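Each residue of the sequence shown is one higher than the last, beginning at 1 in UniProt numbering.
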Amino acid sequence: MKIGLYLHFPFCLQKCCYCSFHSLPLPQNDQGKLAERYIDALEMEISLYAAYAARDHHLELSSIYCGGGTPTVIPTKSLCGVLSRCSSSFCLSDDLEVTVEANPGTVTLEKLQDLRRAGVNRLSLGAQSFQPGELELLGRTHSAVEIVEAYEAARAAGFDNINLDLIYALPGQNLASWRHNLEQALMLSPEHLSIYGLSLEEGTPLAREIKSGKLEACSEEMQIAMWEETAQQVTSAGYVRYEISNYARPGRECRHNITYWKNTPYLGLGAAAQGYFEKVRYANESDLQRYLERVLSGELPRVFEEHQLQRDELIDTIIMGLRLSKGLYRKDFEQRFGHPFEDFYKQQLSIMVGEGLMGVSKDAIFLTDRGRLLANYVLSHFV
């Protein structure tokens, strides 16, 4: 069985103002001690899962994704060691995709060369913006110049598959400033672009500043204009939108993320990581000390498990699958659930098609362009 593997590295240089992910700044005086303990635990968890999965399954990793946090704040030798443990613990696909997230300013040519030699073949750079004021607003620690430097270093190190992350709909952002960010990203010509509207997560500094009135949220009209500008510019540059917020050169879609969107199994390892395996959704300890204690004592560090009923699996498959531009393939859906899509949601589908938000063909069910813009509204009909 082919499966994806997500590895969480919770450390970063500093917490960004909008970030709700489980991450924490690596202490300045740590001297690698906390990071070393974490790496030891992560390698132990890899071994625990390898033994656990090997009892009943022949697993073959089709993708490894190192996310965070910022994996590249970890010493390169340690990061490469984790990947080596994966290689010795699991069978690997011949065309294995190995992604590492990196923030500009945390990579050098030497570090990138080491990662490339360790088997990393896809780099995801967290650019977010090319404008100093916007980077400061987001709490980013890098500059626009460092984005370009990191990108050029990655090319020099031999990376031929690079993603850039961008965020739009920032407080105070206008269409001209967003257009500038798009133009700068497209000038670099990465293979992949992940472009997300800002999500104001409760409890983050940025959300508090907007709630208090210190900052003004981007208007809905401006968000729509930016959305439309993005689609026009990026597709005109030769990219294909294959998911609501993701664009790629043909054949360069992120295989690991498609695993999520197709609701297929993946293992999530590390503090606060989530996974979906043997029809069980699970989450790991988010408290770092508890995670370390449990794993280093030989225990899987899960704090949440939900055995999915067919109804849950059905809903998740629809909600995630419709994010893909190609939508849900009828043949795959019927093979998985034993009945055509219309047997479950005929009325809802008819309404959405009537409103011009969904389309149907003999092979697939999908969102229209307008449906993607109103995706939350459309998907709410299938919950």
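Cβ coordinates follow ideal geometry from the N, Cα and C atoms, glycine included.
On a predicted model such as this, the values are computed, not experimentally measured, just so you know.
Spatial distance of Ser89 from Arg122 (CA atoms)
Locating residue 89 in the sequence shown gives position 89, counting from the first residue. Locating residue 122 in the sequence shown gives position 122, counting from the first residue. So the two alpha carbons sit approximately 21 Å from each other.
Can you have a look at Pro132 and say buried or exposed, based on whether 16 or more other CB atoms are within 10 angstroms of its CB?
Here residue 132 refers to the residue found at position 132 when the sequence shown is read from its first residue. Classification for Pro132: exposed.
To the nearest angstrom, how far is it from the Cα of Pro190 to the Cα of His58?
For this step, residue 190 is matched to residue 190 along the sequence shown. For this step, residue 58 is matched to residue 58 along the sequence shown. Distance between the alpha carbons of Pro190 and His58: 35 Å.
Between Gly139 and Glu101, is the Cβ-Cβ spacing less than 8 Å?
The sequence position of residue 139 within the sequence shown is 139, counting from 1. The sequence position of residue 101 within the sequence shown is 101, counting from 1. Taking C-beta atoms as the reference points, Gly139 and Glu101 fail to come closer than 8 Å.
Okay, do the segment 153-171 and the segment 103-122 touch, 3+ Cβ pairs below 8 Å being the bar?
With three or more CB-CB distances shorter than 8 Å, the segment 153-171 counts as touching the segment 103-122.
Output the boundary residues of the beta strand (DSSP E) element that contains Met358.
For the purposes of this step, residue 358 is taken as the residue at position 358 of the sequence shown. Counting along the chain, Met358 sits inside the beta strand (DSSP E) bounded by residues Met358 to Val360.
Run of the beta strand (DSSP E) containing Val383, from where it starts to where it stops:
Numbered from its first residue, the sequence shown carries residue 383 at position 383. From DSSP, Val383 is part of no beta strand (DSSP E); its letter is neither H nor E.
Quick check on the burial criterion: 16 or more other C-beta atoms within 10 angstroms. Buried or exposed for Ile147?
Mapped onto the sequence shown, residue 147 falls at position 147. Under this definition Ile147 is a buried residue.
Could you tell me which residues DSSP pairs with Val100 in its beta bridges?
Reading the sequence shown from its first residue, position 100 is the one you call residue 100. In the DSSP secondary-structure assignment, Val100 is bridged to Cys66 and Leu123.
Going by beta carbon distance, what residues of the same chain come within less than 6 Å of Leu175, once the five residues before and after it are set aside?
Against the sequence shown, residue 175 aligns to sequence position 175. Taken in chain order, the residues that qualify are Ala225.
Just to check my reading of the structure: Thr204 and Ser20 have Cβ atoms closer than 8 Å, yes? What is that Cβ distance to the nearest angstrom?
Position 204 of the sequence shown, counted from the start, is the residue given in the question as residue 204. Position 20 of the sequence shown, counted from the start, is the residue given in the question as residue 20. Yes, they are in contact, since the Cβ atoms of Thr204 and Ser20 sit about 6 Å apart, within 8 Å.
For Ile318, I'd like the list of residues in its chain whose CB is within less than 6 Å of its CB, leaving aside the five on either flank, ordered along the chain.
As a first step, residue 318 is located in the sequence shown; it is residue number 318 there, counting from the start. The beta carbon of Ile318 is closer than 6 Å to those of Phe382 in its chain, skipping five residues each way along the sequence.
In the DSSP assignment, what are the bridge partners of Asp165?
Along the sequence shown, one-based indexing puts residue 165 at 165. Answer by DSSP bridge pairing, in chain order: Ser194.
Can you tell me which residues form a DSSP beta bridge with Gly241?
Here residue 241 refers to the residue found at position 241 when the sequence shown is read from its first residue. One point to set straight first is that residue 241 is Arg, not Gly, in the sequence displayed. For Arg241, which the question treats as bridged, DSSP gives the partners Tyr247.
Taking the Cβ atom as the reference point for each residue, do Ser87 and His256 lie within a distance shorter than 8 Å?
On the sequence shown, position 87 is the one that residue 87 refers to. On the sequence shown, position 256 is the one that residue 256 refers to. No, the Cβ-Cβ distance between Ser87 and His256 is not below 8 Å.
I believe Ile244 touches Ala375 by the beta-carbon criterion, under 8 Å. Please report the beta-carbon distance rounded to the nearest angstrom.
If you number the sequence shown from 1, residue 244 lands on position 244. If you number the sequence shown from 1, residue 375 lands on position 375. Ala375 and Ile244 do touch by the CB rule: their CB atoms are close to 6 Å apart, below 8 Å.
Run through DSSP, which three-state label would Gln128 get?
Taking the first residue of the sequence shown as 1, we reach residue 128 at position 128. Gln128 falls in the strand class under three-state DSSP.
In the DSSP output, what is Ala364 paired with across the bridge?
The residue given as residue 364 occupies position 364 in the sequence shown. DSSP, once it has assigned bridges, lists Tyr329 as partnering Ala364.
Please list the segments of the alpha helix (DSSP H) lying wholly inside the segment 264-319, counting only runs of 4 or more residues, in order along the chain.
Here the runs fully enclosed are 288-296.
By the three-class DSSP mapping on this structure, what secondary structure does Phe344 have?
One-based indexing of the sequence shown puts residue 344 at position 344. In this structure, Phe344 counts as helix in the three-state DSSP scheme.
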